[in-house]
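Protein sequences appear in the order of chains A, B, C and D. Read in order, the letters of the first sequence correspond to residues 1 to 97 in my numbering. Read in order, the letters of the second sequence correspond to residues 98 to 194 in my numbering. Read in order, the letters of the third sequence correspond to residues 195 to 291 in my numbering. Read in order, the letters of the fourth sequence correspond to residues 292 to 388 in my numbering. Cβ coordinates follow ideal geometry from the N, Cα and C atoms, glycine included. The structure presented is a predicted model; accordingly, all values stated were derived computationally and were not measured.
Protein chains: 4
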Amino acid sequence: MNATQHGYADDQKKIIARLNRIEGQVRGIRQMTENGEYCIDILTQISAVNSALKSVALLLVDDHLNHCVKEAIEEGGEVSEAKIAEASAAIARLVKS
Amino acid sequence: MNATQHGYADDQKKIIARLNRIEGQVRGIRQMTENGEYCIDILTQISAVNSALKSVALLLVDDHLNHCVKEAIEEGGEVSEAKIAEASAAIARLVKS
Amino acid sequence: MNATQHGYADDQKKIIARLNRIEGQVRGIRQMTENGEYCIDILTQISAVNSALKSVALLLVDDHLNHCVKEAIEEGGEVSEAKIAEASAAIARLVKS
Amino acid sequence: MNATQHGYADDQKKIIARLNRIEGQVRGIRQMTENGEYCIDILTQISAVNSALKSVALLLVDDHLNHCVKEAIEEGGEVSEAKIAEASAAIARLVKS
Numbered sequence: 001m002n003a004t005q006h007g008y009a010d011d012q013k014k015i016i017a018r019l020n021r022i023e024g025q026v027r028g029i030r031q032m033t034e035n036g037e038y039c040i041d042i043l044t045q046i047s048a049v050n051s052a053l054k055s056v057a058l059l060l061v062d063d064h065l066n067h068c069v070k071e072a073i074e075e076g077g078e079v080s081e082a083k084i085a086e087a088s089a090a091i092a093r094l095v096k097s
Numbered sequence: 098m099n100a101t102q103h104g105y106a107d108d109q110k111k112i113i114a115r116l117n118r119i120e121g122q123v124r125g126i127r128q129m130t131e132n133g134e135y136c137i138d139i140l141t142q143i144s145a146v147n148s149a150l151k152s153v154a155l156l157l158v159d160d161h162l163n164h165c166v167k168e169a170i171e172e173g174g175e176v177s178e179a180k181i182a183e184a185s186a187a188i189a190r191l192v193k194s
Numbered sequence: 195m196n197a198t199q200h201g202y203a204d205d206q207k208k209i210i211a212r213l214n215r216i217e218g219q220v221r222g223i224r225q226m227t228e229n230g231e232y233c234i235d236i237l238t239q240i241s242a243v244n245s246a247l248k249s250v251a252l253l254l255v256d257d258h259l260n261h262c263v264k265e266a267i268e269e270g271g272e273v274s275e276a277k278i279a280e281a282s283a284a285i286a287r288l289v290k291s
Numbered sequence: 292m293n294a295t296q297h298g299y300a301d302d303q304k305k306i307i308a309r310l311n312r313i314e315g316q317v318r319g320i321r322q323m324t325e326n327g328e329y330c331i332d333i334l335t336q337i338s339a340v341n342s343a344l345k346s347v348a349l350l351l352v353d354d355h356l357n358h359c360v361k362e363a364i365e366e367g368g369e370v371s372e373a374k375i376a377e378a379s380a381a382i383a384r385l386v387k388s
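Here it is in structure tokens:
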């Protein structure tokens with residue numbers, strides 16, 4: 001793990017814990033489907049996972065702006081423009097997903 | 098598994114296969130986070146999982162309308178109204194998730 | 195206006211009133227942009243309009259299921275399958291929009 | 292209009308033109324509703340407006356990061372942290388809208 005590579009160092013444990021829970025939720029949804037459980041109950045769980053994933057994504061966006069983008073701008077030059085363009089593109093993919 | 102309980106019988110294998118793949122994707126995202134991989138790469142994967150989950154949800158909505166809601170309406174009476182209200186609420190949760 | 199053509203007869207006034215308000219909100223956002231108001235304030239208004247539009251759309255989906263789809267299923271035959279496929283496609287466009 | 296107040300100066304005309312078009316689309320949707328047009332056709336138009344509004348919002352986010360946030364970080368200090376927190380909150384509202 002390289003401290004210069006990622007901006008979520010302070011939230012890393014929290015994010016891993018949340019992704020663990022989400023992985024368990026998806027496994028639970030698969031089991032509900034295998035058991036032939038009711039469509040609506042499965043849909044409700046999928047909506048919950050979507051919201052949980054978006055929360056993780058928004059935490060990562062915030063960390064990314066606060067560290068990676070901030071440091072790139074402080075260093076200045078072309079790197080900062082590329083960093084902002086990259087962040088904007090990731091935010092666009094998230095908004096459209 | 099009860100044939101009258103769910104409407105996705107014809108798509109069950111396909112849905113289970115997709116959820117398996119999504120579970121693997123979430124596990125991969127967790128591992129990326131543990132390895133301290135780059136925020137933007139993790140965000141890209143989360144957006145992909147969101148889209149994949151929405152596709153599964155939309156398949157379930159279609160199956161639900163084609164079977165559970167259709168059968169309830171064919172039977173008629175109050176059950177059909179409750180079934181439609183339940184479907185609308187699930188669609189609303191999905192749209193807002 | 196043809197009673198057999200649309201399913202939102204009971205909500206028509208409410209929907210028109212909401213769309214009037216949304217039109218005014220969009221006009222307000224344009225004026226904010228012309229006045230050079232702060233990006234974040236404009237973004238906040240756009241998010242509010244998105245939520246308001248989704249609420250109108252979900253009301254229309256509910257009305258459509260309760261009337262157009264219900265009547266098509268009660269009549270039976272191929273029409274009902276086409277109606278459900280059409281509703282599913284509209285819900286998918288909404289979820290992905 | 293104050294040059295220090297907003298970050299979308301370069302895109303202002305484009306954004307105004309897009310919002311004008313969106314306002315016209317919303318007016319068209321209201322008229323469709325007044326004419327009792329078919330639910331699905333109205334839903335399709337609402338989804339199109341949602342996508343168009345999101346595109347405007349993403350352009351504003353990009354401009355905001357490239358100007359307001361960038362300048363705040365270059366100035367340094369507490370202002371930059373507040374600016375990033377504000378941007379993150381606006382992005383979260385957009386993702387959840």
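Taking every protein chain shown into account, the CB of Val-79/A has fewer than 16 other CB atoms within 10 angstroms, so this residue is exposed. The beta-carbon separation of Ala-169/B and Ile-46/A, rounded to 22 Å, does not stay under the 8 Å limit for a contact.
Remark: C-beta atoms of Ile-16/A and Thr-130/B approach each other more closely than 7 Å. For Ser-338/D, the three-state secondary structure derived from DSSP is helix.
Counting the other CB atoms within 10 Å of its CB gives Ser-291/C a total of 16 or more, which places it among the buried residues. The distance from the Cβ of Ala-279/C to that of Val-263/C is about 11 Å, inconsistent with a contact at the 8 Å cut-off. Within 10 angstroms of the beta-carbon of Glu-217/C lie 16 or more other beta-carbons, which makes it buried. Exposure of Asp-107/B is indicated by the presence of fewer than 16 other C-beta atoms within 10 angstroms of its C-beta. Rounded to whole angstroms, the gap between the alpha carbons of Gly-271/C and Gly-327/D is 26 Å. Across the region 241-264 of chain C, CB contacts with chain B closer than 8 Å involve Lys-248, Ala-251, Leu-252, Val-255, Asp-256, Leu-259, Asn-260, Val-263 and Lys-264, in sequence order along the chain. Assigned with DSSP and collapsed to three states, His-103/B falls in coil, not helix or strand. In chain order, Val-153 place their CB closer than 7 Å to the CB of Leu-116/B, counting only its own chain and leaving out the 5 sequence neighbours on each side.
Annotated three-state conformation of Glu-78/A is helix, per DSSP. Boundaries for Asn-66/A: no alpha helix (DSSP H) harbours it, and the DSSP string shows neither H nor E there. Take the alpha-carbon of Leu-43/A and the one of Glu-74/A: they are about 45 Å apart. Rounded to the nearest whole angstrom, the C-alpha separation of Gln-122/B and Leu-385/D is 25 Å. If you draw a straight line from the Cα of Asp-138/B to the Cα of Val-61/A, it is about 11 Å long.
By the rule that beta-carbons nearer than 7 Å mark a contact, Ala-82/A does not touch chain D. Apart from sequence neighbours up to five positions away, the residues of its chain that approach Leu-156/B with a beta-carbon distance below 7 Å are Asp-108 and Ile-112, ordered along the chain. Closer than 7 Å to the CB of Gly-125/B there is not a single CB belonging to chain A.
Contact annotation for Leu-310/D against chain A: no contact, minimum CB-CB distance about 18 Å [criterion: below 8 Å]. Each of Arg-221/C, Leu-259/C, Gln-225/C and Arg-215/C was checked against the Cα of Ala-186/B, and the nearest Cα belongs to Leu-259/C. Interface annotation, Ala-266/C: not in contact with chain D, CB-CB separation never under 7 Å.
The three-state secondary structure of Gly-133/B, taken from DSSP, is coil. In this structure, DSSP gives Ser-346/D a helical state, which the three-state scheme calls helix.
Setting aside the 5 residues that flank it on each side, Asp-160/B is surrounded in the same chain by Gly-104, Tyr-105 and Asp-108, each with a C-beta closer than 7 Å to its C-beta; the list follows chain order. Short of 7 Å from the beta carbon of Ile-188/B, and not among the five residues preceding or following it, lie these beta carbons of its own chain, in chain order: Val-158.
Chain A places no beta carbon closer than 7 Å to that of Ile-313/D, leaving this residue out of the contacts.
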